[in-house]
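J.: The structure follows.
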Amino acid sequence: MKFNNEHFKLMMEKLEFPAVAVETFTYINDMLERDNAWGSRFKALIDEYMYPEADGLEVVLPKVDAFADEFEIDRRTMNLLFFLHCAEIMHQRYPEAGISDEYFWESAKDF
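Put into structure tokens, the structure is as follows:
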């Protein structure tokens, strides 16, 4: 399972993640990419939340927590990784809705 690592890395750079956080998220992301079963399950969670539009977080987030527990990763870490990947889709939707790129990055600081 491949993710768009360019956007993932750009998010961490623009949001000025500390080096240790970049290393941690990159390591976990790489683990998910290497194991197709885990990566596919994670992608399915992203898709469940983001399509057809971002909705139902109260249903999906407990599933992300359960996934984190099963994958043996801290829930907060997995939640942020989840949102980093959802942000790529949101970033694509902003211009479609006539919202500036600058506003996306300002909104992303809430992560």
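Each residue of the sequence shown is one higher than the last, beginning at 1210 in this note's numbering.
Every residue, glycine too, gets a C-beta built ideally from N, C-alpha and C.
Round the Cβ separation of residue 1289 and residue 1238 to the nearest angstrom and send it over; I've been treating them as touching at under 8 angstroms.
T.: Not confirmed; about 11 angstroms, so no contact.
J.: What's the C-alpha gap between residue 1292 and residue 1276?
T.: 14 angstroms
J.: In or out: residue 1269 buried (at least 16 other Cβ within 10 Å) or exposed?
T.: buried
J.: How big is the Cα-Cα spacing for residue 1243 and residue 1249?
T.: One C-alpha to the other measures close to 11 angstroms.
J.: With a CB to CB cut of under 6 angstroms and the five nearest residues on each side skipped, what residues in its chain are close to residue 1300?
T.: 1313
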